[in-house]
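Only one structure is covered here, and it is reproduced in the block below.
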Amino acid sequence: MGLAEKGVKFIDKITSHAGFKNEWIVLREDDTSPDYGVLPYERSIEEHIKNGVINLDKPPGPTSHEVVAWIKKMFGLERAGHGGTLEL
Amino acid sequence: MTGVLPVALANATKVIGNVIHTVKEYVMVVQLHGDVKDKELLEALENFRGTIYQKPPLRSSVKRTIRKRTIFELELLEHNDRYVLLRVLCEAGTYMRKLAHDLGLLLGVGAHMRELRRTRTGPYREDETLVRMQEVSEALYLWKKEGDERYLRRVIMPVETAIVHIPKIMIRDTAVDAIAHGANLAVPGIVRLTRDVEPGKLVAILTLKGELVALGQALKSAEEIAGMKRGIVVKIKRVYMKTGVYPPVWRKNK
Chain V
1 MGLAEKGVKF
11 IDKITSHAGF
21 KNEWIVLRED
31 DTSPDYGVLP
41 YERSIEEHIK
51 NGVINLDKPP
61 GPTSHEVVAW
71 IKKMFGLERA
81 GHGGTLEL
Chain S
1 MTGVLPVALA
11 NATKVIGNVI
21 HTVKEYVMVV
31 QLHGDVKDKE
41 LLEALENFRG
51 TIYQKPPLRS
61 SVKRTIRKRT
71 IFELELLEHN
81 DRYVLLRVLC
91 EAGTYMRKLA
101 HDLGLLLGVG
111 AHMRELRRTR
121 TGPYREDETL
131 VRMQEVSEAL
141 YLWKKEGDER
151 YLRRVIMPVE
161 TAIVHIPKIM
171 IRDTAVDAIA
181 HGANLAVPGI
191 VRLTRDVEPG
201 KLVAILTLKG
211 ELVALGQALK
221 SAEEIAGMKR
231 GIVVKIKRVY
241 MKTGVYPPVW
251 RKNK
């Protein structure tokens, strides 16, 4: 399987897992070079963490902000959280 | 509240807001302050389906002006004595505490929210990906102390899981670095796109490997784009990927 095929397969897999579906319109055929970039599931563990999301089951008691602060500290990260909205 | 709280780590923080601020689902226990018959309760619930008007509660982090919110689904799961168990699928920014209170007002007996659990935020649900703090801590320990990263990979999902619910465009390697520099996306750079791309909509720009490059606002529909030879079709709003990951072939003098 080509890299581009693996890439779209990955996107389709995580999309259907969340209950959605991608209907693709293909404009042109093209593959992607193995020399740069990486399949998202093949990132090094350090890169995986830095580009990761935890679907956390928030415990009762602490606020969301407190929980996020704990995660940040556990991983020794400078940033973690649920960010801001993007106004269109 | 307990339940689904997606936490973005490091770079993923840049895009997580767009997941949070979409649809949410809750399961809530409402305690009624008086006796109400099933029929009355079901009738009262009818009023909370569709568009509702809410004034944010006193203890809230936003400006307290009346706002419009949509309740997509409202299901009565159980009614036992003065306890009511509800499932609510709603737009982000709908206050469950307020909904419980308002239900009490409408029923004429008063009510308050007793317990709340979030079962969905955008693409993240109460499924096998939902992990507790303990599991995160154990997975981190196994990696740090034992060098075993398998559990951590199960606990942490790639940032791309945060954009699965929005339209997507996959681009050629040669277009990636330009986008990483903040350039808008033109037709020749596109390899494939989803049918739900529409003008004004938020779209995710991905590499052919499936890596998130940026978020942008579509200027044309998928159909229109398919019929075009050139021209800018997505205005980039937030760049995710660092520059230099893909080669800068877009520079004419290189």
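Chains as they are written, first to last, in the working numbering: chain V, 1 to 88; chain S, 1 to 254.
We put the beta carbon where it would ideally sit given N, CA and C, even for glycine.
It should be emphasised that the depicted structure is a prediction, and the values quoted were computed from it without experimental measurement.
Query: Any C-beta of chain V under 8 Å from that of arginine 114 of chain S; Result: no
Query: Stretch pair the segment 23-31 of chain V + the segment 104-111 of chain S: three plus CB contacts closer than 8 Å; Result: no
Query: Histidine 79 of chain S: first and last residue of the uninterrupted beta strand (DSSP E) it sits in; Result: 67-80
Query: 8 Å Cβ shell around lysine 98 of chain S - same chain, five flanking residues per side excluded; Result: Gln54, Lys55, Pro56, Pro57
Query: Distance between histidine 101 of chain S and methionine 113 of chain S (C-alpha atoms, nearest Å); Result: 7 Å
Query: Short-range partners of chain V found in the segment 74-93 of chain S, where Cβ spacing is below 8 Å; Result: none
Query: 8 Å Cβ cutoff, tyrosine 151 of chain S in contact with chain V; Result: no
Query: Beta-bridge partners of proline 57 of chain S, as assigned by DSSP; Result: Beta-bridge pairing links proline 57 of chain S to no other residue.
Query: 8 Å Cβ cutoff, methionine 1 of chain V in contact with chain S; Result: no
Query: Local Cβ density within 10 Å of threonine 44 of chain V, reported as buried at 16 or more and exposed below that; Result: According to the sequence provided, residue 44 of chain V is serine. The question's threonine does not apply to it. The residue is exposed, with fewer than 16 neighbouring Cβ atoms inside 10 Å.
Query: At least three beta-carbon pairs within less than 8 Å, the segment 232-249 of chain S to the segment 170-182 of chain S; Result: yes
Query: Backbone CA spacing between lysine 73 of chain V and methionine 133 of chain S [nearest angstrom]; Result: 13 Å
Query: Interface flag, glutamate 66 of chain V vs chain S, CB-CB below 8 Å; Result: no
Query: With 16 other Cβ atoms within 10 Å as the buried cut-off, status of asparagine 51 of chain V; Result: buried
Query: Enclosing beta strand (DSSP E) for methionine 241 of chain S [first to last residue]; Result: Segment: none, methionine 241 of chain S is in no beta strand (DSSP E) and carries neither H nor E.
Query: For valine 15 of chain S and glycine 84 of chain V, the rounded distance between their alpha carbons; Result: Because glycine 84 of chain V carries a pLDDT of 45, less than 50, the predicted location of this residue cannot be relied on, and no value is offered for it.
Query: N-terminal and C-terminal residue of the beta strand (DSSP E) that histidine 112 of chain S is part of; Result: 111-121
Query: CB of asparagine 184 of chain S within 8 Å of CB of isoleucine 236 of chain S, strictly; Result: yes
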